[in-house]
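Reminder that position 145 of the sequence shown reads as 323 in our numbering, one-by-one numbering, no gaps.
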Amino acid sequence: INGQRNTVMPKLKQYEVDSFSFPVKDKTILFANNRGHQTYIKNRMDRMLNKEPETISWINSFSKDSVFFDVGANIGIYTLYSAIVRENTVYSFEPHAASYKNLLDSINLNKLEKCQAFCVALSDNIDLSMISVKNMYEGVSDNVVGQRGDYYHGCTEMHLDFLVGSKILPQPDHIKIDVDGFEDRVIKGALATLQKCNSVLIEIDHAHHQYVSKITDMGFKLQSKHKRNESEFNYIFTNENRKN
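Structure follows, in structure tokens:
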């Protein structure tokens, strides 16, 4: 197990600026701010390189002509990093309305032409559903698709095998799945798509470790396992049937 760390909930703070900048390599990533409102944006940005270093290293292996799907993108930390640093094609999916709107603002702020975001929850069906949200601050986590909590909003569910199989979206080379316990639904709806990927990164709660065998049974090799907190791990798989 590599990189054992404890996950710290990002801090909710207010900043009176329109955007934040994060220099990395010879690039600068801009993150749109919601002036006059508390958000988790800056704290997420500040931890971009050290919160999940294995994810950064994984993205750094992507080629410029690759296609990356960021499933559960939140405000797009890894969407923006990949699109700007690797200059590849990125599609991101985030059903939380406030985080999605912030991600759109950042994509436009950085003038990214090969990056698109969709306010969609990837699942194993096509449905108009709902999502229980902790709050409506940009960057919040632990939202639950398909449930109605104290606060919730409408949510569109789609599955990747339909979107890719119908050629609405291209076949991705790499997929990151971080969907707060909804992994089984995403995987079930993406079996055909996953088999044609070069690599996959999935955050999995150890109580649902059976997902690991599901992925390896498809021809993937477990490249590495990284502890995120007491119960969650990032698993990085490479497809033995395809060249990276």
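Glycine included, each C-beta is placed from N, C-alpha and C at the ideal position.
Distance between beta carbons of MET226 and TYR259, contact taken as under 8 angstroms | Reading the sequence shown from its first residue, position 81 is the one you call residue 259. Reading the sequence shown from its first residue, position 48 is the one you call residue 226. About 7 angstroms separates the two Cβ atoms, so the contact holds.
CB-CB under 8 angstroms to ASN422, same chain, minus the five flanking residues each way: which ones, in chain order?
-> Within the sequence shown, numbered from 1, the residue matching residue 422 stands at position 244. Unreliable placement is indicated for ASN422, whose pLDDT of 44 sits below 50; the coordinate value is still reported in the next sentence. Same-chain partners within the cutoff: SER239, ASN376, SER377 and THR416.
Alpha carbon to alpha carbon, how far is ARG420 from ASN184? Give it in angstroms, no decimals.
-> Walking along the sequence shown from the start, residue 184 turns up at place 6. Walking along the sequence shown from the start, residue 420 turns up at place 242. Low confidence applies to ASN184: its pLDDT is 41, below 50, so where it sits in the model is not reliable, and the reading given next is rough at best. Whole-angstrom Cα-Cα distance: 34 angstroms.
Near GLN182, which residues of its chain fall below 6 angstroms by C-beta distance, leaving aside the five closest residues on each side in sequence?
-> Looking up residue 182 in the sequence shown gives position 4. Because the pLDDT of GLN182 is 38, which lies under 50, any placement of that residue in the model is unreliable, and the number read from its coordinates should be weighed accordingly. LYS405, listed in sequence order.
Three-way DSSP call (helix, strand, coil) for PRO231 in this model | Taking the sequence shown and counting its residues from 1, one reaches residue 231 at position 53. In the structure shown, PRO231 sits in a helix (DSSP, three-state: H, G or I).
Please determine if the segment 268 to 275 and the segment 239 to 259 are in contact, where contact requires at least 3 C-beta pairs separated by less than 8 angstroms.
-> yes
Those residues which DSSP pairs with GLN294 across a bridge = By one-based count along the sequence shown, residue 294 stands at place 116. GLN294 pairs with TYR269.
Short check: CB of ASN313 to CB of TYR329, under 8 angstroms?
-> The sequence position of residue 313 within the sequence shown is 135, counting from 1. The sequence position of residue 329 within the sequence shown is 151, counting from 1. In contact: ASN313 and TYR329 (Cβ atoms closer than 8 angstroms).
Beta strand (DSSP E) runs wholly inside the segment 294 to 341, at least 3 long, in chain order | 305 to 310 and 330 to 336
Cβ pair count under 8 angstroms reaching 3, the segment 317 to 331 against the segment 347 to 355 | no
Beta-ladder partner(s) of TYR193, from DSSP = Taking the sequence shown and counting its residues from 1, the one referred to as residue 193 is at position 15. Bridge partners of TYR193: none, in fact.
Enumerate in chain order the residues of its own chain whose CB-to-CB distance from PRO350 is below 8 angstroms, with the five nearest sequence positions on each side excluded.
-> One-based indexing of the sequence shown puts residue 350 at position 172. Closer than 8 angstroms at Cβ, skipping near neighbours: VAL245, PHE246, PHE247, TYR269, VAL342, THR371 and CYS375.
Would you list the residues sitting across from SER402 in a DSSP beta bridge?
-> For this step, residue 402 is matched to residue 224 along the sequence shown. Paired residue(s): ILE414.
Is GLN182 helix, strand or coil by DSSP?
-> In the sequence shown, counting from the first residue as 1, residue 182 sits at position 4. Low per-residue confidence applies at GLN182: pLDDT is 38, beneath 50, and the placement is therefore not dependable enough to give any value.
May I ask whether a heavy atom of the ligand ADP can be found less than 7 angstroms away from the beta carbon of ASN321?
-> Of the ligands one can find in the structure shown there are none, so the ligand ADP has no counterpart to examine.
Which residue comes first and which comes last in the beta strand (DSSP E) that contains LEU208?
-> Translated into the one-based positions of the sequence shown, residue 208 becomes position 30. Looking at the DSSP string, the run of the beta strand (DSSP E) that includes LEU208 is 205 to 210.
Quick one: what does DSSP say GLU361 is sitting in, helix, strand or coil?
-> Taking the first residue of the sequence shown as 1, we reach residue 361 at position 183. Looking at GLU361 - three-state DSSP - the assignment turns out to be helix.
Using a threshold of 8 angstroms, state whether the C-beta atoms of SER197 and ASN211 are closer than that.
-> The residue given as residue 197 occupies position 19 in the sequence shown. The residue given as residue 211 occupies position 33 in the sequence shown. Against a cut-off of 8 angstroms, the Cβ pair of ASN211 and SER197 comes out as a contact.
Outcome for ASP283 when other beta-carbon atoms lying within 10 angstroms are tallied against a minimum of 16 = Your numbering for residue 283 matches position 105 in the sequence shown. Its Cβ being crowded by 16 or more others within 10 Å, ASP283 is buried.
May I ask which residues mark the beginning and end of the alpha helix (DSSP H) holding ASP383?
-> Position 205 of the sequence shown, counted from the start, is the residue given in the question as residue 383. Careful: ASP383 lies outside any alpha helix (DSSP H), inside the beta strand (DSSP E) at 377 to 383.
Would you give the residue range spanned by the alpha helix (DSSP H) that VAL249 belongs to?
-> Position 71 of the sequence shown, counted from the start, is the residue given in the question as residue 249. Looking at the DSSP string, VAL249 is not in any alpha helix (DSSP H); the run it does join, the beta strand (DSSP E), is 245 to 249.
Between TYR280 and ILE253, is the Cβ-Cβ spacing less than 8 angstroms?
-> Position 102 of the sequence shown holds residue 280. Position 75 of the sequence shown holds residue 253. Inspection of the sequence shows that residue 280 is occupied by Asn rather than by Tyr. For ASN280 and ILE253, yes; Cβs fall inside 8 angstroms.
7 angstroms CB neighbourhood of MET396 in its chain, flanking five on each side removed = For this step, residue 396 is matched to residue 218 along the sequence shown. Cβ within range, chain order: LEU372 and GLN373.
Grouping DSSP H, G and I as helix and E and B as strand, with all else coil, what is GLN388?
-> Translated into positions along the sequence shown, residue 388 becomes position 210. Note: GLN388 maps to helix in three-state DSSP.
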